[in-house]
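Chains as they are written, first to last, in my numbering: chain A, 47 to 197; chain B, 47 to 197. Reviewing the structure listed below.
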């Protein structure tokens, strides 16, 4: 009997692997996967891993990620790999890259920041530190930590 | 090739099936499954179902639920079934039952309620309505809706 925790292949979609154990829920949140879910998603949490002790894995059917989504995943899961599946085969596989700048993906927590006014300005942050995660707004210089970013 | 979204058998633990599509994340939250996860968990979300159109399924290795946890799951997923797995076999399977009263499982949102003081009083709620979910504190009569209960 196959006793491994295996989640079967998907026909088309995206596999996000090597997410730190327990961070899978945050990745779901980044991708807006909530009660209004429309794609079939399978999540393995705290799954034994060869690379590290335990990991999370997420498979999303019929969904492909955009640049901003991948940048946000990189913040939560810097060692994640993304596989794009087409017709049951891996058509592309890559590691997420920790972005140098975050453009238009995180909202500044400073309500008075120009990016929170009606000006047509995209948010822009520099990465101050990866561990712990700290970013700084290029406009108002407000820094934000991991909790600020994902809340 | 097996193309179904299948999550393999677990040796020991609990399977929560027939959770409404998208409510799986809430069930994880009820069970305190977060970044500090210590059990391997697999979640199928928006999975095609025979009984209803789509459902969520959660499998938790090496964990068995207590009465309060099952009562809370019943609130979020009134049609859920719980299977207790021991040595790869279903040792027990039952439907959750919508509780008549909730005792000691939900915190009253009225800060002045006697259950929020230092008195040794367990919270107690009556179910006012299932759809939409509304409960009423037996002490202060404050009503709470689904959002209040799970926030």
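By construction, the Cβ of each residue, glycine as well, lies at the ideal position given by its N, Cα and C atoms. What you are looking at is a predicted structure, and each value in this text was computed from that prediction instead of being measured.
- The DSSP-derived three-state label of residue 86 of chain B is coil.
- Counting C-beta atoms within 10 angstroms of its own C-beta, residue 145 of chain A has 16 or more neighbours from the protein chains shown and is therefore classed as buried.
- DSSP places residue 163 of chain A outside both helix and strand once states are collapsed to three, so it counts as coil.
- Within the stretch 119-151 of chain B, the complete beta strand (DSSP E) runs of at least 3 residues fall at 127-132, 135-141 and 147-149.
- The Cβ-Cβ distance between residue 87 of chain B and residue 62 of chain B does not fall below 8 Å.
- Only buried fits residue 72 of chain A, as 16 or more other CB atoms lie within 10 angstroms of its CB.
- Beta-bridge analysis with DSSP links residue 182 of chain B to B/172 and B/189.
- Listed in chain order, the non-local C-beta contacts of residue 186 of chain A below 6 Å within the same chain comprise 156 and 159, local neighbours out to five positions each way being set aside.
- Here residue 118 of chain B is not near residue 173 of chain B, since their CB atoms are 8 Å or more apart.
- Residues 102, 122 and 123 of the same chain have their beta carbon placed closer than 8 Å to that of residue 69 of chain A, with the five preceding and five following residues left out of the count.
- Here DSSP, grouped into helix, strand and coil, assigns residue 115 of chain B to helix.
- The alpha carbon of residue 59 of chain B has as its nearest neighbour, out of B/166, B/197 and B/112, the alpha carbon of B/112.
- A distance below 6 Å between beta-carbons, with the five flanking residues on each side excluded, links residue 91 of chain B to the following residues of its chain, in chain order: 70 and 102.
- Residue-level contact check: residue 86 of chain B touches chain A, since one or more beta carbons of chain A fall below 8 Å from its beta carbon.
- Residue contact check for residue 71 of chain A against chain B: a CB pair falls below 8 Å.
- Within the stretch 90-117 of chain A, the residues whose Cβ lies closer than 7 Å to any Cβ of chain B are, in chain order, 90, 91, 92 and 93.
- Judged by their CB atoms, residue 163 of chain A and residue 64 of chain A are not nearer to each other than the 8 Å cut-off.
- Here the alpha carbon of residue 129 of chain B sits roughly 19 Å from the alpha carbon of residue 100 of chain B.
- Just so you know, the alpha carbons of residue 139 of chain A and residue 120 of chain A end up roughly 15 Å apart.
- Using a CB distance cut-off of 8 Å, residue 58 of chain A does not count as an interface residue toward chain B.
- DSSP, read as helix, strand or coil, puts residue 56 of chain B in coil.
- Interface flag for residue 133 of chain B against chain A is unset, since no Cβ pair is found closer than 8 Å.
- A straight-line Cα-Cα distance of about 24 Å links residue 66 of chain A and residue 57 of chain B.
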